[in-house]
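Trainee: Before anything else, here's the structure in question.
Number of protein chains: 2
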Amino acid sequence: MTTQSRATLADVAMLAGVSSKTVSRVFAGAGNVSSDTRERVLKAAKRLRFRPNNLARNLRRGGVTNTVAFVIGDLKNPFYFHVAAGIERELALRGLTMVLATTDDSPDSEERVVDALISQRVRALLLIPIADDQSYLEGERQLGTPVVSVDRPARNLVADSVVLQNRQGMADAVRSLTAIGHRRIGFISNPSAMYTQRERLAGYREALREVGVTETAQWERLDDDPDISPELAVQSLLDLPDPPTAIVAGNNRGSAGAVRVLRNLEPPVAFIGFDDFELADALDISVVAYDPMELGRTAARLALEHLADPDSFTKQVEIPTRLIHRGSGEIPPPR
Amino acid sequence: MTTQSRATLADVAMLAGVSSKTVSRVFAGAGNVSSDTRERVLKAAKRLRFRPNNLARNLRRGGVTNTVAFVIGDLKNPFYFHVAAGIERELALRGLTMVLATTDDSPDSEERVVDALISQRVRALLLIPIADDQSYLEGERQLGTPVVSVDRPARNLVADSVVLQNRQGMADAVRSLTAIGHRRIGFISNPSAMYTQRERLAGYREALREVGVTETAQWERLDDDPDISPELAVQSLLDLPDPPTAIVAGNNRGSAGAVRVLRNLEPPVAFIGFDDFELADALDISVVAYDPMELGRTAARLALEHLADPDSFTKQVEIPTRLIHRGSGEIPPPR
DNA sequence: ACAACTTCGGACAGCGCTGACATTTTTGTT
DNA sequence: AACAAAAATGTCAGCGCTGTCCGAAGTTGT
Chain A
1 MTTQSRATLA DVAMLAGVSS KTVSRVFAGA GNVSSDTRER VLKAAKRLRF
51 RPNNLARNLR RGGVTNTVAF VIGDLKNPFY FHVAAGIERE LALRGLTMVL
101 ATTDDSPDSE ERVVDALISQ RVRALLLIPI ADDQSYLEGE RQLGTPVVSV
151 DRPARNLVAD SVVLQNRQGM ADAVRSLTAI GHRRIGFISN PSAMYTQRER
201 LAGYREALRE VGVTETAQWE RLDDDPDISP ELAVQSLLDL PDPPTAIVAG
251 NNRGSAGAVR VLRNLEPPVA FIGFDDFELA DALDISVVAY DPMELGRTAA
301 RLALEHLADP DSFTKQVEIP TRLIHRGSGE IPPPR
Chain B
1 MTTQSRATLA DVAMLAGVSS KTVSRVFAGA GNVSSDTRER VLKAAKRLRF
51 RPNNLARNLR RGGVTNTVAF VIGDLKNPFY FHVAAGIERE LALRGLTMVL
101 ATTDDSPDSE ERVVDALISQ RVRALLLIPI ADDQSYLEGE RQLGTPVVSV
151 DRPARNLVAD SVVLQNRQGM ADAVRSLTAI GHRRIGFISN PSAMYTQRER
201 LAGYREALRE VGVTETAQWE RLDDDPDISP ELAVQSLLDL PDPPTAIVAG
251 NNRGSAGAVR VLRNLEPPVA FIGFDDFELA DALDISVVAY DPMELGRTAA
301 RLALEHLADP DSFTKQVEIP TRLIHRGSGE IPPPR
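Residue numbers (UniProt numbering), protein chains in the order written: chain A, 1 to 335; chain B, 1 to 335.
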């Protein structure tokens, strides 16, 4: 007697001496069942260790599940999992569960992964677009599955989206540097081709243009090779004949690199990162911060709203950023 | 024509002029289908935007899914997330997906959450036990669902488990401190009641006993109130009339606090943390490190093994830890 | 005592798919 | 050309559940 089989409604019904429909009523919550029978059913269910089969229930109910999918490029990025935590939190409030799928940051696998999720009949789809084209989701959207694009807008697809105030956040950071006299400001970004980085770069240039600096190319280190360490990018800026007096980073990977290189430098180089990180306070690193959980919560909320009102218009939400002054961004230029 | 309904096998079959079973064969991969019909079917499926319904497939196949659940206390802890990443990675190799559920670190909700997952007919259950008793899973285990306990052993339940070398890892850290002369060594831990912390505490005491130090109570700061900051615990150690010359922390929360307090202290106090963290290298913090993803990968592998051979014996796996010397743990005691 | 109503419980079909088995078509062999 | 073997396709039932419809009790008022 190893692997006996699982009890079904019918088994419970038989043991309790009622019809399976009555058992169904007990477990579905609603329905007219006398407390007497209800108790008998529950007791029988307990004896048999019965658990309702959600697969069957969902199939019967029209083939939708209580599951929302979140498609991520790479789980190891702490940013993503804060977002995931926000999503999970928000979904749990509505009794929904989150499945997590990753594409390994490979555009090719995105459609494959999403396809598999749709086969699972997920209730909604939240994704951080990696591929250049999400038009393959158009059909699904028309069938009523909410699609929310997170952190970057989807391409060739009408979908709700939640992004950060990338441009303005970075511009604010750079402005706070120009305000205290910096003019030669470096910008490091890797990978630089993606939406968020392009936006932040635009913000950087915009803020410098406001103080009359238009030739920024020499101070931009835009890479798209994960093997190029941010440390290297920072160092190459410092090695310039006329090195920057301040540096900003496009993401927390860049910040980590910058921190390692810029510590104990004389004269000190001002620095502001994008994305807050653990111990940034202990290291006195100024950053453009935001609430990544809020990003997730908002994404989930958009999906739920769309579920509640399928004909609602597409929404674009921007999550605010704010500059946190901790010291590294307040270092004035030398002399 | 807003929300039209989803195409089924039968719809595709009709359009392609074949039986639904043939369409099923095409999508199930296997089966003998002439390339001629296959193409016709695929074309029809594409026209109708058909996606096989996994709900129905799984129900028909005996009520199991391709889904493995990972039950976590709190998603915001980066440690858990790396574990989750490892699980996801390993499962993806076998075509399985991971659903993530959280219990908000509340013992009460554990059973509720697990129950819901079982109703979803997850293929296996990986969980970080929070409650004091996992006996409620016994029935499920007998039905053949692999249950793997992660980071802590399950209680009152025979289940595979993957834990860290907590005791030995901490003992190694303390030994490396006693080796360079430290005798007054502080230990901070919060929450201290949980298995991992108790083990690490045991390792700490063991290593001190080896050098004849048996009265350690005064140097132990064992709290179970999340509101007590690790900074406070560290400070209270430093305020002792005879303060410790070295401090070890039971988790990375403690490390973050210790880093903040111990920086720029004169004379310096040696420190070793448990759990590596971002920028620990930049801060020269020595830690007991391990690979959290490996923890997840191993857990997933155990579940898969059990799935392959349901009668296999229960396994307990320990993930090795290693002491990383970065400077903070190599500071000798004063004089 | 009887109609009118409410409450409780059951019979049945079918959600979309696939396993077992049956049937037709194709291919190979002599 | 005749036949067997192999390949391709079809038929049918049913996975576990619930929506719909219906019947059998119990309850109330006159």
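We put the beta carbon where it would ideally sit given N, CA and C, even for glycine. These figures come from a predicted structure and were not determined experimentally.
#1: Can you pull the chain A neighbours of B/Phe277, defined as C-beta to C-beta under 7 angstroms?
#2: From the DSSP output, in three-state form, read off A/Thr2 for me.
#3: When you compare the CB of A/Leu143 with every CB in chain B, is at least one pair closer than 8 angstroms?
#4: Could you tell me the alpha carbon to alpha carbon distance between B/Pro310 and B/Pro243, rounded to whole angstroms?
#5: Given 8 angstroms as the limit, is there contact between the region 39-52 of chain B and the region 5-12 of chain B, that is, 3 or more CB pairs closer than that?
#6: So, does the CB of B/Phe81 fall closer than 8 angstroms to a CB anywhere in chain A?
#7: Under 8 angstroms, Cβ to Cβ, is there at least one residue of chain B near A/Leu304?
#8: Whole beta strand (DSSP E) runs in the region 223-280 of chain A with 3 or more residues, listed along the chain?
#9: Report yes or no: is there a C-beta of chain A within less than 8 angstroms of the C-beta of B/Lys315?
#10: By a C-beta neighbour count over all protein chains shown, 10 Å radius and 16 as the cutoff for buried, is B/Asn252 buried or exposed?
#11: Just reading off the beta strand (DSSP E) that B/Ile185 is part of, what are its end residues?
#12: According to DSSP, is A/Val41 helix, strand or coil?
#13: Let's test the definition: count the other Cβ atoms within 10 Å of the Cβ of B/Asp151 and tell me whether it reaches 16, buried, or not, exposed.
#14: Only counting the same chain, and skipping five residues up and downstream in sequence, which positions put a Cβ closer than 7 angstroms to that of A/Ala289?
#15: Which residues mark the beginning and the end of the beta strand (DSSP E) in which B/Asp160 is found?
#16: Let me know the secondary structure DSSP gives A/Leu143 once reduced to three states.
#17: Along the region 117-142 of chain B, where does the CB come closer than 7 angstroms to a CB of chain A? Name the residues.
#18: Among the candidates A/Glu330, A/Val158 and A/Gly327, whose CA atom is the shortest distance from the CA of A/Phe313?
#19: Using a 10 Å radius around the Cβ and a threshold of 16 neighbouring Cβ atoms, would you call A/Pro241 buried or exposed?
#20: Mind listing the chain B neighbours of A/Asp115? Cutoff is C-beta to C-beta under 8 angstroms, in chain order.
#21: Can you tell which of A/Leu201, A/Met170, A/Arg260 and A/Ala179 has its C-alpha closest to the C-alpha of A/Ile272?
#22: Using a threshold of 8 angstroms, state whether the C-beta atoms of B/Thr67 and B/Leu93 are closer than that.
#23: When you compare the region 104-111 of chain A with the region 123-130 of chain B, are there three or more beta-carbon pairs, one atom per stretch, that lie closer than 8 angstroms?
#24: Work out the CA separation of B/Val71 and B/Tyr136 for me, nearest whole Å.
#25: Measure the C-alpha to C-alpha separation of B/Arg60 and A/Ile228 and round it to an integer number of angstroms.
#26: Straight-line CA distance for B/Arg198 to B/Val287?
#27: To the nearest angstrom, how far is the alpha carbon of B/Val174 from that of A/Leu125?
#28: Expressed to the nearest angstrom, what Euclidean distance is found between the alpha-carbon atoms of B/Glu305 and B/Glu140?
#29: When burial is assigned at 16 or more other CB atoms within 10 Å of the CB, is B/Pro267 buried or exposed?
#30: What does B/Val259 reach in chain A if we use C-beta pairs closer than 8 angstroms?
#31: So, for A/Glu88: in the same chain, excluding its five sequence neighbours on each side, which residues have a beta-carbon less than 7 angstroms away from its beta-carbon?
#32: Find the residues of chain A that neighbour B/Glu220, judging by a C-beta separation of less than 8 angstroms, and give them in chain order.
#33: Check each candidate in A/Glu138, A/Ala56 and A/Ser255 and name the one with the smallest Cα separation from A/Glu278.
#34: Please return the same chain residues whose Cβ sits closer than 6 angstroms to the Cβ of A/Tyr80, not counting the five positions on each side in sequence.
#35: Considering only C-alpha positions, which residue in the set A/Gly250, A/Ala246 and A/Ala303 is nearest to A/Glu330?
#36: Tell me, please, whether the CB atom of A/Ala300 is closer than 8 angstroms to any CB atom in chain B?
Mentor: In short:
#1: Glu278
#2: At A/Thr2, the pLDDT of 39 sits below 50, so the modelled position is not reliable; the number obtained from the coordinates is stated separately. The answer is coil: DSSP assigns A/Thr2 none of H, G, I, E or B.
#3: yes
#4: 54 angstroms
#5: yes
#6: yes
#7: no
#8: 246-249 and 270-274
#9: no
#10: buried
#11: Ile185 to Ser189
#12: Looking at A/Val41 - three-state DSSP - the assignment turns out to be helix.
#13: buried
#14: A distance below 7 angstroms between beta-carbons, with the five flanking residues on each side excluded, links A/Ala289 to the following residues of its chain, in chain order: Asp276, Thr321, Arg322 and Ile324.
#15: Asp160 to Leu164
#16: In this structure, A/Leu143 counts as coil in the three-state DSSP scheme.
#17: Ile118, Ser119, Gln120, Arg121 and Gly139
#18: For the residues A/Glu330, A/Val158 and A/Gly327, the minimum Cα distance to A/Phe313 belongs to A/Val158.
#19: Classification of A/Pro241: exposed, given that the 10 Å Cβ count is below 16.
#20: Arg51
#21: Checking every option, the nearest Cα to that of A/Ile272 belongs to A/Met170.
#22: No.
#23: no
#24: 15 angstroms
#25: 50 angstroms
#26: 18 angstroms
#27: 48 angstroms
#28: For the pair B/Glu305 and B/Glu140, the Cα-to-Cα distance works out to about 17 angstroms.
#29: exposed
#30: Chain A residues near B/Val259: Leu279 and Ala282.
#31: Met98
#32: None at all; the shortest Cβ gap to chain A is about 24 angstroms.
#33: A/Ser255
#34: Residues Ile72 of the same chain have their beta carbon placed closer than 6 angstroms to that of A/Tyr80, with the five preceding and five following residues left out of the count.
#35: Comparing Cα positions, the closest option is A/Ala246.
#36: no
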